[in-house]
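Colleague:
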Amino acid sequence: MTDHNDMQQDDQGATNDVTEGFLFEDSNANGRLAAAYELVEPLKPASVDLPLLLWVRVRNTGLVIWPCRGAYPINLGYHWMDANGEVVDFEGVRSVLPVDLPPTEYVTLEIHAEPPPHPGEYQLVVDMVEEGVGWFSLQGVPPLVLPVTVAPAPRRPRACIVGALCLINDAVGNTMVNQLRFFQERGYETMILVEHIDFRQPQDLRRHMMSISYEELRTRIPHQFTRRAMEFFHEADVYIFHFPLPYVLFEAIALVERGRVMLDYHAVTPPHLWDGEGKEEFYAAVRRQRELWRHTDYAITHSEFTRKELLESGLIAPERVYVVPLPVELAHFRPGPKPPELLERYELRDEQPVLLYVGRMATNKRIDDLVRALVLIKEHFPDAVLMLVGDNFNKAYAPVAEKIQQLAEALGVGESLIFAGLVPDDALPAHYQLADVFVTASIHEGFCIPVLEAMACGVPVVGADATALPETIGTGGLTFCPEDPADLAEKVLTILGSEVRVEGLETRG
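Sequential numbering of the sequence shown, starting at 69, is according to the numbering used here.
(1) Determine the closest residue to Asp150 out of Gly188, Gly231, Pro170 and Val161, with distance taken between C-alpha atoms.
(2) Is it buried or exposed for Ile368, if we count other Cβ within 10 angstroms and need 16 for buried?
(3) Sort Val336, Tyr366 and Ile486 by Cα distance to Ala353 and report the nearest one.
(4) Does the distance from the C-beta atom of Asn246 to that of Pro395 stay below 8 Å?
(5) Of the choices Gly99, Val324 and Val530, whose alpha-carbon is the least far from that of Val507?
(6) Quick one: give me the first and last residue of the alpha helix (DSSP H) that Glu282 is part of.
(7) Taking the C-alpha atoms as reference points, what is the distance between Arg127 and Glu198?
(8) Cβ atoms of Ala297 and Ile280: under 8 Å apart, would you say?
(9) By Cβ distance, which residues of its chain are closer than 7 Å to Val201, with the 5 residues on each side in sequence left out?
(10) Excluding five sequence neighbours on each side, which residues of the same chain lie with their C-beta closer than 8 Å to the C-beta of Arg648?
(11) For Val316, count the other beta carbons within 10 Å of its own beta carbon; 16 or more makes it buried, fewer makes it exposed. Which is it?
(12) Run through DSSP, which three-state label would Ser163 get?
(13) Between Val108 and the rest of its own chain, which residues show a CB-CB distance below 7 Å, the 5 nearest in sequence each way excluded?
(14) Taking the C-alpha atoms as reference points, what is the distance between Ala232 and Met244?
(15) Report the three-state DSSP secondary structure of Pro553 (helix, strand or coil).
(16) Just to confirm the assignment, what range does the beta strand (DSSP E) spanning Gly241 have?
(17) How many Å lie between Thr540 and Ala534 at the Cα?
(18) If you scan the segment 292 to 354 from start to end, which runs of the beta strand (DSSP E) of 3 or more residues do you find wholly inside it?
(19) How big is the Cα-Cα spacing for Asp74 and Tyr105?
(20) Can you name the start and end residues of the beta strand (DSSP E) that Met455 belongs to?
(21) Less than 8 Å between the CB atoms is what I'm expecting for Tyr307 and Val426, so what's the real figure, rounded?
(22) Starting from Ile472, follow the alpha helix (DSSP H) in both directions and report where the run begins and ends.
(23) Applying the 10 Å Cβ sphere with the 16-neighbour rule, what's the burial state of Val155?
(24) Let me make sure I understand the geometry here. Which of Glu348, Gly208 and Lys463 has the alpha-carbon closest to that of Pro338?
(25) Could you please give the first and the last residue of the uninterrupted alpha helix (DSSP H) stretch that includes Gln271?
(26) Does DSSP classify Asn143 as helix, strand or coil?
(27) Please confirm if Gly565 has its CB atom under 8 Å from at least one CB of chain D.
(28) Give the C-beta separation of Cys525 and Pro492 to the nearest angstrom, bearing in mind that I take them to be a contact with Cβ-Cβ under 8 Å.
(29) State buried or exposed for Gln474, treating a residue as buried only when at least 16 other CB atoms are found within 10 Å of its CB.
(30) For Tyr105, name the three-state secondary structure that DSSP assigns.
(31) Which whole-angstrom value describes the C-beta separation of Pro408 and Leu502, a residue pair presumed to lie in contact below a C-beta threshold of 8 Å?
(32) Between the segment 205 to 218 and the segment 278 to 292, do three or more beta carbon pairs fall short of 8 Å?
(33) Quick one: Cα of Leu556 to Cα of Val505, how far?
(34) Give a yes or no on contact between the segment 216 to 231 and the segment 251 to 261, applying the rule of three or more CB pairs nearer than 8 Å.
(35) Of all the beta strand (DSSP E) runs that stay within the bounds of the segment 403 to 427, which reach a length of 3 or more residues?
(36) If you follow the alpha helix (DSSP H) that Arg375 is in, where does it begin and where does it stop?
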């Protein structure tokens, strides 16, 4: 990242940047602080209803290291000025340095610039700031000044999608994104409001996401970072509130004063299937927030199982509840041969049977039953392996993954268990194509999108005969008696072509 040959000194000792593409550079009086800025890509059109997201490459052309933490960290910030140079917004959201930045090195940072409240001609001033001391520009270092025309917001119907999170590679998160695009394609101005933004989401999506709290919506106290989200929420025409679990922002459903409200119910895992402490407190929160369902005009579920579960609350009339199965992008998930690069990565042979599981490492997923079934399957296919795709390092899932590994080693199949970890969405179809059978022993599913993804890739499915799984699997696979590894193994062997009965581990000495 460092290039020590692109800097030269003038006669006065000031530093002149000769790096191609860097737009501004200078130093303060003693040369301690200096910076060069480069806009990585052209600015997108700006309007008062959308943030301006831009990437800026910043080089430390001064004499000292820029600290990323401590009493006086150095960050990248911005402020808006009008066409006359008058300050409109002096304190923009900071972009934090990921590491300390030595002289001559550079870093590329994203700026999330909230728009000015009114349309017009502005200057977006991008500037480094030494926290607790001041902006570099106030110490003689010219900032990056970008002329921006901020357009008025077109008055279109507004759709507001509300959730706790909108995670990448997550069924609920993907549903929220699909709904965002659905409304946008139909001319709606659409925004996703969440408690926390997943910054792994693509930039074009994050332009339409904002984080805000229930208290901020309730009190309506304006704040420069939440003003736009607050105004959008209270002026929307259509609302979709997602309910995969209780979260504080869901209580904003009682604040809606206009428009139609729809509940998107994803099913809540019963407390006896949860890991860790606080189960009763969690379910008390579920019961409390269920009462808020009274504020909905309509509801959608993603299976008949979840529709039945929703109707049991008695809070929503049956004629107002619709089943909308989750979609799979067939252009993305499609059949194909076993990818040679994955065979090489995981040291597998093309003819080697691969059982695949995709999902969370959670107790209710009963991955231990998959391991026990693998023992029985290997009696007929000794080289069979079980591949687990899912986060096994996150502190919420690592303990379960560790127990699964220990169980596999205790049963003598440790070397046949493959933890593939969290796989990016663009690499997921190849992992399905690697599989001979997709397996899931989960005993609580509201739909189970991996089942559909596997079938789209031409992979037969074996799943537990529980909750929504039989409905989702349909004729695309076989079901087995829940929590019965022997029955699971038998169904897998049927698909692999060895139709034999097997004994459960519990009958063996």
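By construction, the Cβ of each residue, glycine as well, lies at the ideal position given by its N, Cα and C atoms.
Modeller: This is what the structure holds:
(1) Per the Cα distances, Gly188.
(2) In summary, Ile368 is buried, with 16 or more beta-carbon neighbours lying within 10 Å of its beta-carbon over all protein chains present.
(3) In this structure, Val336 is the residue among Val336, Tyr366 and Ile486 with its C-alpha nearest to the C-alpha of Ala353.
(4) For Asn246 and Pro395, yes; Cβs fall inside 8 Å.
(5) For the residues Gly99, Val324 and Val530, the minimum Cα distance to Val507 belongs to Val530.
(6) As written in the sequence, residue 282 is Tyr, which differs from the Glu given in the question. Run containing Tyr282: Tyr282 to Thr287, per the alpha helix (DSSP H) assignment.
(7) Near 15 Å, if we compare the C-alpha coordinates of Glu198 and Arg127.
(8) Yes; because the gap between Cβ atoms is below 8 Å, this pair is in contact.
(9) Excluding sequence positions up to five before and after Val201, its CB lies within less than 7 Å of the CB of Tyr140, all in the same chain and listed in chain order.
(10) Only positions 69 to 577 of the chain appear in the structure, and residue 648 is not among them; the question remains open.
(11) Flag for Val316 reads exposed.
(12) DSSP places Ser163 in strand when its eight states are reduced to three.
(13) For Val108, the CB contacts under 7 Å within the same chain, skipping 5 residues up- and downstream, are Trp123, Val124, Arg125 and Thr176 in chain order.
(14) Taken atom to atom, the span from the alpha-carbon of Ala232 to that of Met244 is near 11 Å.
(15) Residue state, collapsed to three classes: helix.
(16) Here Gly241 belongs to no beta strand (DSSP E); instead the alpha helix (DSSP H) covers Ala239 to Glu253.
(17) Their Cα atoms are separated by approximately 11 Å.
(18) Given a length threshold of 3 residues, each whole run of the beta strand (DSSP E) inside the segment 292 to 354 is given here in chain order: 306 to 311 and 328 to 333.
(19) Residue placement at Asp74 is flagged as unreliable, the pLDDT there being 36, under the threshold of 50; a coordinate-derived value is accordingly withheld.
(20) Looking at the DSSP string, the run of the beta strand (DSSP E) that includes Met455 is Val453 to Val457.
(21) For a cut-off of 8 Å, the C-beta gap from Tyr307 to Val426 is around 31 Å, too long to register as a contact.
(22) Taken as a continuous stretch (DSSP letters only), the alpha helix (DSSP H) holding Ile472 covers Ala466 to Ala478.
(23) For Val155, the number of other beta carbons within 10 angstroms of its own is below 16, and it is reported as exposed.
(24) The candidate whose alpha carbon is nearest that of Pro338 is Glu348.
(25) Segment Gln271 to Arg274, the alpha helix (DSSP H) holding Gln271.
(26) In the displayed model, Asn143 falls within a strand according to three-state DSSP.
(27) Looking for chain D here will not work: only one protein chain is present.
(28) Not a contact, Cβ separation roughly 16 Å.
(29) Taking all protein chains shown into account, Gln474 has fewer than 16 neighbouring C-beta atoms within 10 Å of its C-beta and is therefore exposed.
(30) Secondary structure of Tyr105 (DSSP, three-state): strand.
(31) For a cut-off of 8 Å, the C-beta gap from Pro408 to Leu502 is around 10 Å, too long to register as a contact.
(32) Counting Cβ pairs under 8 Å, fewer than three are found: no touch.
(33) Taking C-alpha positions only, Leu556 is separated from Val505 by approximately 12 Å.
(34) Two segments are said to touch when three or more pairs of C-beta atoms, one from each, lie closer than 8 Å; by this definition the segment 216 to 231 touches the segment 251 to 261.
(35) With a minimum length of 3 residues, the continuous beta strand (DSSP E) runs that stay inside the segment 403 to 427 are 422 to 426.
(36) Taken as a continuous stretch (DSSP letters only), the alpha helix (DSSP H) holding Arg375 covers Glu372 to Leu379.
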